[in-house]
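Accompanying notes for the structure given below.
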Amino acid sequence: MNTNLLLYPMFAHVLWVAFLYVLLTLVRAPAVWGFIQSRKESWAEVEPRISANLSNQFEWPLLFYVVCVLLICQGSVVDSVQVWLAWVFVAGRIAHSLAQIITRDVRLRGLVFTINFVPVLAMWLLVVAKV
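Written out as C-alpha coordinates, the structure is:
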(Lines of atoms letter the chains of each structure in order from A and count residues from 1; the text may use other names and numbers.)
(Lines give C-alpha, C1' and ligand atoms only; values in the text may rest on other atoms or scores of the structure.)
Protein backbone atom coordinates (compact mmCIF):
# COMPACT_ATOMS: atom_id res chain seq x y z
CA MET A 1 0.00 0.00 0.00
CA ASN A 2 1.02 3.58 -0.53
CA THR A 3 2.67 5.22 2.51
CA ASN A 4 0.45 8.27 2.00
CA LEU A 5 -2.50 6.24 3.27
CA LEU A 6 -1.09 6.78 6.76
CA LEU A 7 -1.83 10.49 6.40
CA TYR A 8 -5.59 9.85 6.65
CA PRO A 9 -5.63 8.37 10.17
CA MET A 10 -3.08 10.99 11.23
CA PHE A 11 -5.34 13.74 9.89
CA ALA A 12 -8.39 12.12 11.51
CA HIS A 13 -6.64 12.34 14.88
CA VAL A 14 -5.72 15.98 14.23
CA LEU A 15 -9.40 16.70 13.51
CA TRP A 16 -10.39 14.91 16.73
CA VAL A 17 -7.95 17.04 18.74
CA ALA A 18 -9.29 20.18 17.04
CA PHE A 19 -12.82 19.10 18.01
CA LEU A 20 -11.70 18.69 21.63
CA TYR A 21 -10.23 22.20 21.59
CA VAL A 22 -13.53 23.59 20.27
CA LEU A 23 -15.47 21.61 22.89
CA LEU A 24 -13.21 22.87 25.68
CA THR A 25 -13.61 26.44 24.45
CA LEU A 26 -17.39 26.11 24.37
CA VAL A 27 -17.47 24.63 27.87
CA ARG A 28 -15.21 27.34 29.27
CA ALA A 29 -16.88 30.25 27.44
CA PRO A 30 -19.78 30.79 29.87
CA ALA A 31 -17.42 31.17 32.84
CA VAL A 32 -14.93 33.28 30.89
CA TRP A 33 -17.62 35.62 29.60
CA GLY A 34 -19.53 35.76 32.90
CA PHE A 35 -22.62 33.84 31.82
CA ILE A 36 -22.55 31.41 34.75
CA GLN A 37 -24.40 32.58 37.82
CA SER A 38 -23.64 29.55 40.02
CA ARG A 39 -21.07 26.75 40.29
CA LYS A 40 -23.87 24.19 39.94
CA GLU A 41 -23.52 24.47 36.18
CA SER A 42 -23.20 20.93 34.76
CA TRP A 43 -20.44 21.96 32.32
CA ALA A 44 -18.22 22.99 35.22
CA GLU A 45 -17.93 19.31 36.16
CA VAL A 46 -17.04 18.20 32.63
CA GLU A 47 -14.46 20.91 31.88
CA PRO A 48 -11.58 19.34 33.88
CA ARG A 49 -12.17 15.97 32.20
CA ILE A 50 -12.10 17.53 28.72
CA SER A 51 -8.95 19.43 29.63
CA ALA A 52 -7.27 16.28 30.99
CA ASN A 53 -8.25 14.32 27.89
CA LEU A 54 -6.87 17.03 25.65
CA SER A 55 -3.56 16.76 27.49
CA ASN A 56 -3.66 12.98 26.95
CA GLN A 57 -3.78 13.61 23.19
CA PHE A 58 -0.13 14.69 23.34
CA GLU A 59 1.28 11.74 25.27
CA TRP A 60 0.97 8.27 23.71
CA PRO A 61 -0.18 9.72 20.35
CA LEU A 62 3.29 11.25 19.98
CA LEU A 63 4.66 7.74 19.44
CA PHE A 64 1.91 7.13 16.86
CA TYR A 65 2.98 10.18 14.88
CA VAL A 66 6.64 9.26 15.10
CA VAL A 67 6.09 5.74 13.75
CA CYS A 68 3.84 7.04 10.95
CA VAL A 69 6.36 9.68 9.91
CA LEU A 70 9.12 7.09 10.05
CA LEU A 71 7.13 4.79 7.76
CA ILE A 72 6.35 7.62 5.36
CA CYS A 73 9.97 8.80 5.26
CA GLN A 74 11.17 5.29 4.47
CA GLY A 75 9.26 5.63 1.23
CA SER A 76 8.70 1.91 0.95
CA VAL A 77 5.37 0.22 0.58
CA VAL A 78 3.42 0.07 3.83
CA ASP A 79 1.61 -3.11 4.79
CA SER A 80 -2.15 -2.85 4.93
CA VAL A 81 -1.74 -4.06 8.52
CA GLN A 82 0.06 -0.81 9.40
CA VAL A 83 -2.77 1.28 7.94
CA TRP A 84 -5.38 -0.86 9.71
CA LEU A 85 -3.49 -0.48 13.03
CA ALA A 86 -3.37 3.29 12.51
CA TRP A 87 -7.16 3.41 12.11
CA VAL A 88 -7.67 1.22 15.19
CA PHE A 89 -5.48 3.68 17.10
CA VAL A 90 -7.66 6.62 16.01
CA ALA A 91 -10.87 4.77 16.93
CA GLY A 92 -9.32 3.94 20.29
CA ARG A 93 -8.41 7.59 20.91
CA ILE A 94 -11.99 8.65 20.21
CA ALA A 95 -13.35 5.90 22.45
CA HIS A 96 -10.87 6.87 25.18
CA SER A 97 -11.96 10.52 24.96
CA LEU A 98 -15.61 9.57 25.25
CA ALA A 99 -14.92 7.26 28.20
CA GLN A 100 -12.90 9.94 30.00
CA ILE A 101 -15.24 12.85 29.31
CA ILE A 102 -18.65 11.17 29.66
CA THR A 103 -17.93 8.75 32.51
CA ARG A 104 -15.80 8.63 35.62
CA ASP A 105 -15.13 4.91 35.19
CA VAL A 106 -11.35 4.55 35.45
CA ARG A 107 -11.49 0.82 34.72
CA LEU A 108 -13.33 1.50 31.45
CA ARG A 109 -10.79 4.18 30.53
CA GLY A 110 -7.97 1.72 31.14
CA LEU A 111 -9.63 -0.90 28.97
CA VAL A 112 -10.33 1.58 26.18
CA PHE A 113 -6.78 2.95 26.41
CA THR A 114 -5.55 -0.53 25.54
CA ILE A 115 -7.41 -0.24 22.23
CA ASN A 116 -5.07 2.57 21.19
CA PHE A 117 -1.97 1.43 23.09
CA VAL A 118 -1.60 -2.00 21.46
CA PRO A 119 -1.85 -0.85 17.81
CA VAL A 120 0.94 1.71 18.21
CA LEU A 121 3.13 -0.83 19.96
CA ALA A 122 2.40 -3.31 17.16
CA MET A 123 3.27 -0.69 14.54
CA TRP A 124 6.63 -0.14 16.21
CA LEU A 125 7.29 -3.87 16.48
CA LEU A 126 6.55 -4.28 12.76
CA VAL A 127 8.93 -1.43 11.89
CA VAL A 128 11.72 -2.83 14.04
CA ALA A 129 11.15 -6.37 12.72
CA LYS A 130 11.81 -5.16 9.17
CA VAL A 131 15.14 -3.60 10.07
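With UniProt numbering, the residue at position 17 of the sequence shown is 17, and numbering never jumps.
For every residue, glycine included, the Cβ atom is placed at its ideal position computed from N, Cα and C.
- Taking T3 and L71 to be in contact with their CB atoms under 8 Å, please state how far apart those CB atoms are, rounded to whole angstroms. Working through the sequence shown from its first residue, we reach residue 3 at position 3. Working through the sequence shown from its first residue, we reach residue 71 at position 71. Sure, about 6 Å apart at Cβ, within 8 Å.
- Tell whether a beta-carbon distance below 7 Å holds between A91 and P9. Locating residue 91 in the sequence shown gives position 91, where the first residue counts as 1. Locating residue 9 in the sequence shown gives position 9, where the first residue counts as 1. Taking 7 Å as the cut-off, the beta carbon of A91 is found no closer than this to the beta carbon of P9.
- Message: For L54 and H96, what's the separation of their Cα atoms in angstroms?
- Response: Sequence index remark: in the sequence shown, residue 54 carries index 54 (1-based). Sequence index remark: in the sequence shown, residue 96 carries index 96 (1-based). Distance between the alpha carbons of L54 and H96: 11 Å.
- Spatial distance of R28 from C68 (CA atoms): Within the sequence shown, residue 28 is the residue found at index 28, counting from 1. Within the sequence shown, residue 68 is the residue found at index 68, counting from 1. Using only the alpha carbons, I get a separation of about 33 Å.
- Item | Bounding residues of the alpha helix (DSSP H) (the contiguous stretch that carries M123) | Position 123 of the sequence shown, counted from the start, is the residue given in the question as residue 123. Residues V106 to K130.
- Message: Is the separation between the beta-carbon of R89 and that of V120 shorter than 7 Å?
- Response: Position 89 of the sequence shown holds residue 89. Position 120 of the sequence shown holds residue 120. Before going on, a small fix: residue 89 reads as Phe here, not Arg. A distance below 7 Å separates the beta carbons of F89 and V120.
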